[in-house]
Structure formats: C-alpha cells, structure tokens
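Peer 1: In UniProt numbering, the protein residues as written are 1 to 460. All C-beta atoms in this analysis are idealised placements derived from N, C-alpha and C, irrespective of residue type, glycine included.
1. Going by other Cβ atoms of all chains shown within 10 Å of its Cβ, with 16 needed for buried, is residue 103 buried or exposed?
2. Please work out which residues of its chain come closer than 8 Å, Cβ to Cβ, to residue 91, disregarding the five sequence neighbours upstream and downstream, and give them in chain order.
3. Residue 194 to residue 158, Cα distance in whole Å?
4. Is residue 417 helix, strand or coil by DSSP?
5. Identify every run of the alpha helix (DSSP H) within the segment 78 to 158, keeping only runs that are complete inside it and at least 4 residues long; order them along the chain.
6. Suppose the cutoff is 6 Å on Cβ atoms and the five residues either side in sequence are ignored; what does the same chain contact list for residue 336 look like?
7. Could you check what DSSP says for residue 394 in three-state terms: helix, strand or coil?
8. Less than 7 Å between the beta carbons of residue 176 and residue 134, yes or no?
9. Roughly how many whole angstroms lie between the Cα atoms of residue 346 and residue 393?
10. Any C-beta of chain D sitting closer than 7 Å to the C-beta of residue 180?
11. For the alpha helix (DSSP H) that contains residue 181, what are its first and last residues?
12. Out of curiosity, what's the CA-to-CA distance linking residue 439 and residue 186?
13. Could you check what DSSP says for residue 360 in three-state terms: helix, strand or coil?
14. Less than 7 Å between the beta carbons of residue 137 and residue 188, yes or no?
15. Could you round the C-beta distance between residue 107 and residue 149 to whole angstroms and report it? I think they count as a contact, below 8 Å.
16. With a CB to CB cut of under 8 Å and the five nearest residues on each side skipped, what residues in its chain are close to residue 192?
17. To the nearest angstrom, how far is the alpha carbon of residue 40 from that of residue 70?
18. Starting from the Cα of residue 62, find the closest Cα among 117, 74, 431, 352 and give me that residue.
19. With distance defined between alpha-carbon atoms, name the residue in 413, 140, 166 nearest to residue 96.
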C-alpha cells in the first residue's frame, strides 16, 4: 500500500459488503486522515454552512466529474456530499431542486447498481421536499422520479418508502397536482411497483377508495395521453384482487387477455358497478373496444352498453343530456371509440345504428361536447357514410338527427355546410327515404332549413 492510499478503501476492497448507511465524511475525519485522497474523498467537506452556492458547486461536481463513474467514490463521498448539501439548506428550494436532480442523474446512469446508493437519509430528505415544496411541480416531479429508484430496488426499498409514509404523501401530491400529466404518470409508476407481487402486502394497508377516486379523476383528465393511461391502468390491474374482494360483481381487467368475448363479459359486469361516479366500468369497456375494434360482435354489444350508459346517468338516474355528470362521457373518449367503430364496421347497419344513436345522445347536450365531436373528425366520418349508394332507414334517421343537432350553432353549421360530399349524400338519402316519419319531421325543422340555405347544396 502506498503512502497516500486511504486505509478504509483497502478494507472496503477486502470486505465487499458496504456500510449500511454511510454518512458524508466530516472535516475532522479529513484532517485525521492526513492529506485527502483525490480519488476517494474528492467531495468531502466541500459544502460551506454560510454559502448555498457551495452546495450547488458540489452537486455539479458529483454529477459531472469523471470520478463519479467509480461506485466506491460515489458511495463513500459523492452521494453523501449531495445529502450533506441538501440537509444544510433545507429551506432553499433551488438547493433541494439541484440536489435532487444530481441524485437522479447519478443513479440513473446505472440504475440497477446505483439505486442502492440511496439510503434512508436520502429518502427522508426527499419526503421532506414533497411536504415543504409541494407547490413546486418541477421539484416534486424530480423527487418522485428519484423515489421511484428506491421503490425499484426491491422489497427493502418499498419497506423504506412505507416507513416514512411516502405513499400517503404521494397520494396527496397526486390530488394536489391533478392536471400535471407527467407527475401523475410518475406517481402511478411508483404505486404500480408498490402494488406488484413484491409489494402485495402494501396493497392491504392503502386506502383503496382514495386510490380509486384519484385514478378516476386523473384518467378522465388525461384520457388522451396513452402513457398516463397505461401507467394508471397498471395500478388498477395491480389492485385487481382487492377490487374483486370489495366490489361485486367481479371487477377484472387483464391486459394480457386476448379473448374479446371474455373481455366483453367483464365489461358488461363492470358497467353495473357504481364506484364513486360509476365511470371505471366505462373506462374498461372503452379500452376493451379499442383493443378489439375489428370484432363486430364486441363492437355491437359494446355500443349497446355505451348507449345505455349515455341514456341514463348512473348517479342521478336522469337522462344524461340533463345530468350534471354528463361531460364524463366525452372525457372518457366514448365519442372517439364510437366513431372508430363506425369506420371499421360501416357495412354493418346494426353497429352503425347503435353508434349513431350514441353520438346523437352525446351531441344533444353542451356546445363543448359538440366541439369535442367535431375535433374527433365526425364530419368526414358522416360524409363517408353518406357517400355510400344506399343506406338503410335505421342508419339515415339517427345520422340526420346528429347533423341537425350539430347545425344548431352557427360555427358548427358552417363546418357542415362546407363539406360538399356530406351535403350531396344527405340530399340523396333524404330523397330515398322521404316517406320516413323521422326524415319528414327532420326536414321541416328550422335547423334543416338553415343547413340547406347555401345554394351549392342543391347543385347535385
């Protein structure tokens, strides 16, 4: 051993088991050891108690310096030095933000090995961040990502998070920042890991109603983001046993199931559930239909269930178009999956009829829901249907009702009037089914007159 080598580095090599929770070396330790080694302790005692910038400088050195590639250096000096800086300035949000970022950067470079560097002291500091700086979304997101490394380190990591009440804090954070999509996704992934087979015991100790309520609200808020939806559905799948036990009939969702018939049975059961606002069953139904959109029987039965859901509110038993909860239908993307079903099964009049009846219910309400339907490209979908040579009256009637509902507002009517394919097809269908009571009643309405007042509509 040369003169400038540190004794404890040699011991550490001879004894492969690391210290359980190494603390950052102090100034006194440094002096007792003589000249500090540039390899072993490059970051020790570098944080000035009077200068927060010294902590930021240390964070940057630990995250960027080549020495941090040495796991031993990180364990004995680098990561403890970051913790030292964060502890020394607990009320400085910038110090906490950059310290957390440095921890995350260092550990994600080789997560399978380095996530074990995060000790109880780190977890306590991260938890304190969530409590003190809960309005700081950027810091909260970095903190959650760093905590997820602890959870991914195995059962010991999950127990560590549980011991500092991290999961209840995460649920509170999820509630506080419901509109922050990335944060919702990252919290969901931690919950998913915590509720996996390794963390199954944890599922029995968590507030199931609270988790379900938060997931419902978040799913409705972020239904258009596939990453968030996937992470939150994985949480629900992990809770399957508890859901089955608490709610009857069985509440089942298996992402690996390939049989659309089996999934349809589960969806039919789930739509009977009244969990909070009753939307979880509908979410399962929609996701099932999206997964098996080309299955005509699933499309037909699924649209029938959606039609029942869209006709009567499960909360107040009123017609949904008059119900205060009605916006949940479009937020759940029922209109999108219905339009997709029309596209895949436009030759199947039964499916098209069910789909158009659903859309008619949805567009009979607020302007916002009509806007959502138009954004989902309903006009081209209707035009494709009307361009077919013959349509049965069971298709023409609800289609005409949808168009008349959309034409009430001038802005929506203008969009309809500028689609020549739609207007030409509409006139042909009206001529074909002029004896239908629904068709004749529809063309006598003022909204139809406004829709047909442009001259080019009659240039057939």
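Peer 2: A quick look at the data gives this:
1. Your numbering for residue 103 matches position 103 in the chain shown. Buried is the call here.
2. Start at 1 with the first residue of the chain shown, and residue 91 comes out as number 91. Answer for residue 91: 132, listed in chain order.
3. If you number the chain shown from 1, residue 194 lands on position 194. If you number the chain shown from 1, residue 158 lands on position 158. Their backbone Cα atoms lie some 6 Å apart in a straight line.
4. On the chain shown, position 417 is the one that residue 417 refers to. DSSP places residue 417 in helix when its eight states are reduced to three.
5. 79 to 88, 93 to 108, 111 to 114, 120 to 132, 137 to 151
6. Translated into the one-based positions of the chain shown, residue 336 becomes position 336. Counting only Cβ-Cβ distances below 6 Å, and skipping sequence neighbours, we find 376.
7. Counted from its first residue, the chain shown places residue 394 at position 394. It is helical.
8. On the chain shown, residue 176 is found 176 positions in, with the first residue counted as 1. On the chain shown, residue 134 is found 134 positions in, with the first residue counted as 1. For residue 176 and residue 134, yes; Cβs fall inside 7 Å.
9. Sequence index remark: in the chain shown, residue 346 carries index 346 (1-based). Sequence index remark: in the chain shown, residue 393 carries index 393 (1-based). For residue 346 and residue 393, the distance between alpha carbons rounds to 14 Å.
10. In the displayed structure, chain D is absent; only one protein chain is listed.
11. Translated into positions along the chain shown, residue 181 becomes position 181. Run containing residue 181: 181 to 194, per the alpha helix (DSSP H) assignment.
12. Reading the chain shown from its first residue, position 439 is the one you call residue 439. Reading the chain shown from its first residue, position 186 is the one you call residue 186. When rounded, the distance between both Cα atoms is 52 Å.
13. In the chain shown, the residue the question calls residue 360 occupies position 360. In the three-state reduction of the DSSP assignment, residue 360 falls in the helix class.
14. Within the chain shown, residue 137 is the residue found at index 137, counting from 1. Within the chain shown, residue 188 is the residue found at index 188, counting from 1. Not closer than 7 Å, so no.
15. As a working mapping, residue 107 is identified with position 107 in the chain shown. As a working mapping, residue 149 is identified with position 149 in the chain shown. With 8 Å as the limit, residue 107 and residue 149 qualify as a contact, their Cβ atoms being about 5 Å apart.
16. The sequence position of residue 192 within the chain shown is 192, counting from 1. Cβ within range, chain order: 231, 234, 235, 238.
17. Numbered from 1 along the chain shown, position 40 holds the residue referred to as residue 40. Numbered from 1 along the chain shown, position 70 holds the residue referred to as residue 70. Low confidence applies to residue 40: its pLDDT is 42, below 50, so where it sits in the model is not reliable, and the reading given next is rough at best. Distance between the alpha carbons of residue 40 and residue 70: 9 Å.
18. The residue you call residue 62 lines up with position 62 of the chain shown. Of 117, 74, 431, 352, the residue nearest in Cα terms is 74.
19. Within the chain shown, residue 96 is the residue found at index 96, counting from 1. Among 413, 140, 166, the Cα nearest to that of residue 96 belongs to 140.
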